[in-house]
DNA sequence: AATTCCCAATTTGTTAGACAACTTTTTGCA
DNA sequence: TGCAAAAAGTTGTCTAACAAATTGGGAATT
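Structural data, given as structure tokens:
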């Protein structure tokens with residue numbers, strides 16, 4: 189810190205590339221209904237003049253909307269907005285989740301986790317069970333409770349989802365886990381309660397035992413208890 | 189043959205734009221682990237030579253991967269693959285779903301629909317209930333059972349999801365409904381059973397009544413019955 | 001010898017202009 | 001009026017160049 193001017197305390201504006209900025213701008217326009225489904229976007233030429241960037245940048249922005257299934261382009265015709273009812277990607281805002289949103293996302297996750305535990309209890313193979321136990325082990329021996337521990341925790345739930353044999357469960361739980369990752373991290377770092385780790389491990393153990401015993405009802409109940417406890421620990425600090 | 193050669197019987201290859209094709213190719217490479225998370229993609233220059241296209245096209249392809257949260261680019265450094273654990277979009281293949289995949293997707297949907305019905309029963313407002321009833325009405329008066337009817341059916345489930353007050357439920361159910369839309373359509377068109385409509389309407393009615401009575405258990409049970417019946421009707425024809 | 005500093009090579013971000021491929025609109029002719 | 005050809009408009013692709021940021025190595029200094 190002797191020389192080299194001090195970096196900004198919070199590096200909030202990281203110089204977002206133009207294409208990304210314009211893409212976000214267009215997403216807002218579409219989602220707020222300013223450009224209704226079925227209608228066409230302004231031409232690339234028009235957009236490039238409007239935003240003061242080259243057509244290349246506009247095309248890269250539109251390219252992203254296409255990837256999200258938000259628009260569809262036809263050569264010679266234009267770029268039209270696809271109705272919300274048949275979009276093919278489910279995406280979360282890149283902005284950090286607010287308190288209310290975290291609660292809502294957890295509410296979406298709960299029935300899935302319960303079903304996941306039930307199905308895992310019914311269908312798991314020996315290898316899949318071992319992976320669940322491994323994640324549990326990794327979590328119990330992790331010293332730093334705030335990073336490696338969270339990863340092992342997420343891995344535990346992911347391993348259960350994989351043991352359902354249904355890849356959609358595995359993928360979607362991984363997706364939700366990633367979205368909640370930051371929230372879990374901050375929640376844990378703010379909590380000084382040293383019992384949390386042992387409590388969490390005990391809850392996990394109940395789940396593992398129920399799955400191992402191939403008892404779907406018990407697995408679902410254990411998972412529900414774990415989630416309710418975790419939600420409390422996360423939303424009230 | 190005389191002029192304008194006959195178009196291919198099945199227009200399977202519709203002349204996919206190069207950018208889209210390359211994007212899909214890269215997605216496969218990443219998802220199959222050929223380019224592991226944390227490593228960098230080949231440079232844009234290298235990829236453009238490798239695929240025989242201009243750098244512009246490569247950039248548009250990479251732009252799509254960025255939209256999916258699959259990669260991240262840093263000016264001067266390169267484009268690196270993001271670990272699967274923290275992707276921020278959940279997406280289905282654009283290819284039509286196979287039989288097994290439909291079953292798996294329905295299995296993912298079931299616990300969500302049940303939770304959705306339960307929450308709707310607990311929290312719905314008068315207006316939200318009216319929207320559910322409207323969709324039910326629209327379905328009962330729909331003459332063409334194969335298109336307008338399916339839309340009303342999906343609207344019914346979507347209305348229930350909205351009545352939970354949790355926007356994630358609404359969004360995700362809409363997403364799943366859109367993905368299953370085609371499957372439902374073909375399944376219905378192949379079934380000549382005229383009772384299906386009345387059976388479905390009766391099942392829907394049970395759900396509406398349970399929600400109106402603010403009885404979560406009954407709503408969940410009615411939804412479960414409906415889904416099990418619908419699954420049977422869809423997967424066995 | 002180790003460290004620091006600076007510069008050159010890489011690599012992504014952006015611009016400009018041009019042409020090709022396709023669609024839509026207009027024009028001109030019968 | 002009806003219809004085909006031409007023109008204009010729009011997206012897809014290419015090329016060339018420069019800007020901005022990172023990276024690595026070599027030279028200068030300590």
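Residue numbers (my numbering), protein chains in the order written: chain A, 189 to 425; chain B, 189 to 425.
We put the beta carbon where it would ideally sit given N, CA and C, even for glycine.
The model shown is predicted, which means the values in this text are computed figures rather than measured ones.
Inset, instruction - Determine contact between the stretch 285–302 of chain B and the stretch 403–423 of chain B, defined as no fewer than three beta-carbon pairs at a distance below 8 Å. - result: The way I'd put it, the stretch 285–302 of chain B does touch the stretch 403–423 of chain B; three or more beta-carbon pairs between them come closer than 8 Å.
Inset, instruction - Report back the beta-carbon spacing between residue 232 of chain A and residue 354 of chain B to the nearest angstrom; my notes put them in contact at under 8 Å. - result: With 8 Å as the limit, residue 232 of chain A and residue 354 of chain B do not qualify as a contact, their Cβ atoms being about 38 Å apart.
Legend entry - Whether residue 211 of chain A touches residue 252 of chain A by CB criterion (8 Å): Taking C-beta atoms as the reference points, residue 211 of chain A and residue 252 of chain A count as a pair closer than 8 Å.
Legend entry - Touch test, the stretch 252–270 of chain A against the stretch 344–362 of chain B, Cβ-Cβ under 8 Å, three pairs minimum: The stretch 252–270 of chain A makes no contact with the stretch 344–362 of chain B; the number of CB pairs closer than 8 Å stays below 3.
Legend entry - Among A/218, A/308 and A/215, nearest to residue 402 of chain A - alpha-carbon criterion: Looking from the CA of residue 402 of chain A, the closest CA among A/218, A/308 and A/215 belongs to A/308.
Legend entry - Span separating the alpha-carbon of residue 371 of chain B from that of residue 340 of chain B: Distance between the alpha carbons of residue 371 of chain B and residue 340 of chain B is about 15 Å.
Legend entry - Contact between the stretch 383–395 of chain B and the stretch 310–328 of chain B (3+ Cβ pairs under 8 Å): Because the criterion of three Cβ pairs below 8 Å is met, the stretch 383–395 of chain B and the stretch 310–328 of chain B touch.
Inset, instruction - Could you tell me if residue 337 of chain B is buried or exposed, where buried requires 16 or more neighbouring beta carbons within 10 angstroms of its beta carbon? - result: Burial state of residue 337 of chain B is buried, judged by a 10 Å Cβ sphere holding 16 or more other Cβ atoms.
Inset, instruction - Could you check which residue in B/404, B/383 and B/405 has the C-alpha nearest to that of residue 418 of chain B? - result: Ranking the options by Cα distance to residue 418 of chain B, first place goes to B/383.
Inset, instruction - Check whether the Cβ of residue 217 of chain A lies closer than 8 Å to any Cβ atom in chain B. - result: So, not an interface residue.
Inset, instruction - To the nearest angstrom, report how far apart residue 134 of chain B and residue 214 of chain B are at their CA atoms. - result: This structure gives no information on residue 134 of chain B, because the portion of chain B shown stretches from 189 to 425.
Legend entry - Beta-carbon proximity of residue 261 of chain A to residue 267 of chain A, cut-off 8 Å: Yes, these two residues count as a Cβ contact at 8 Å.
Legend entry - Contact check, residue 244 of chain B vs residue 244 of chain A, beta carbons under 8 Å: Their beta carbons are under 8 Å apart, which means residue 244 of chain B touches residue 244 of chain A by this criterion.
Inset, instruction - Identify the continuous alpha helix (DSSP H) that holds residue 396 of chain B and give its terminal residues. - result: That run of the alpha helix (DSSP H) goes 383–400.
Inset, instruction - Can you give me the start and stop residues for the alpha helix (DSSP H) that residue 408 of chain B sits inside? - result: Note, residue 408 of chain B: alpha helix (DSSP H), 404–423.
Legend entry - Proximal residues to residue 362 of chain A (C-beta, below 7 Å), its chain only, five neighbours per side dropped: These residues qualify, in order along the chain: 346.
Inset, instruction - Taking only beta carbons into account, state which residues of the stretch 256–276 of chain B come closer than 7 Å to chain A, listed in chain order. - result: Taking a C-beta cut-off of 7 Å against chain A, the contacting residues of the stretch 256–276 of chain B are 256, 272, 273, 274, 275 and 276, listed in chain order.
Legend entry - Cβ-based neighbour list, residue 236 of chain A, same chain, cut-off 8 Å, excluding 5 preceding and 5 following: Excluding sequence neighbours, residue 236 of chain A sits near 242, 243, 245 and 246.
Legend entry - Distance between residue 368 of chain A and residue 286 of chain A (C-alpha atoms, nearest Å): Approximately 11 Å, taken between the alpha carbons.
Inset, instruction - State buried or exposed for residue 359 of chain B, treating a residue as buried only when at least 16 other CB atoms are found within 10 Å of its CB. - result: Taking a 10 Å sphere around the C-beta of residue 359 of chain B, we find 16 or more other C-beta atoms and assign the residue as buried.
Legend entry - Run of the alpha helix (DSSP H) containing residue 337 of chain B, from where it starts to where it stops: Annotation for residue 337 of chain B: the continuous alpha helix (DSSP H) segment containing it runs 336–350.
Legend entry - CA-to-CA distance, residue 249 of chain A to residue 277 of chain A, given in whole angstroms: Between residue 277 of chain A and residue 249 of chain A, the C-alpha separation is close to 17 Å.
Inset, instruction - Please report the residue range of the beta strand (DSSP E) in which residue 262 of chain B lies. - result: Where residue 262 of chain B is concerned, the enclosing beta strand (DSSP E) starts and stops at 259–262.
Inset, instruction - Report the residue from A/327, A/271 and A/313 whose alpha carbon sits nearest the alpha carbon of residue 220 of chain A. - result: Measuring C-alpha to C-alpha distances from residue 220 of chain A to each of A/327, A/271 and A/313 identifies A/271 as the nearest.
Legend entry - residue 246 of chain B - containing alpha helix (DSSP H), residue span: For residue 246 of chain B, the enclosing alpha helix (DSSP H) stretches over residues 243–255.
Legend entry - Length-filtered (4 minimum) alpha helix (DSSP H) runs lying within the stretch 279–322 of chain A: Counting only runs of 4 or more, we get 287–311.
Legend entry - Residues of the stretch 353–366 of chain B with Cβ closer than 9 Å to any Cβ of chain A, in chain order: Cβ contacts with chain A: 353, 354, 355, 356, 357, 359, 360, 362, 363, 364, 365 and 366.
Legend entry - Min CB distance residue 422 of chain B to chain A below 8 Å: Not an interface residue.
Inset, instruction - State the Cα-Cα distance for the pair residue 306 of chain A and residue 204 of chain A, rounded to the nearest angstrom. - result: Cα to Cα, residue 306 of chain A sits roughly 44 Å from residue 204 of chain A.
Inset, instruction - Determine the burial state of residue 197 of chain A: buried for a count of at least 16 other Cβ atoms within 10 Å of its Cβ, exposed for fewer. - result: Because residue 197 of chain A carries a pLDDT of 38, less than 50, the predicted location of this residue cannot be relied on, and no value is offered for it.
Inset, instruction - Confirm, please, whether the CB-CB distance from residue 311 of chain A to residue 352 of chain A is below 8 Å. - result: Taking 8 Å as the Cβ cut-off, residue 352 of chain A and residue 311 of chain A qualify as a contacting pair.
Inset, instruction - Could you check if residue 222 of chain A is buried or exposed, using at least 16 other CB atoms within 10 Å of its CB as the buried criterion? - result: The residue is exposed, with fewer than 16 neighbouring Cβ atoms inside 10 Å.
Legend entry - DSSP-derived helix/strand/coil call for residue 277 of chain A: Residue 277 of chain A: strand per DSSP, three-state reduction.
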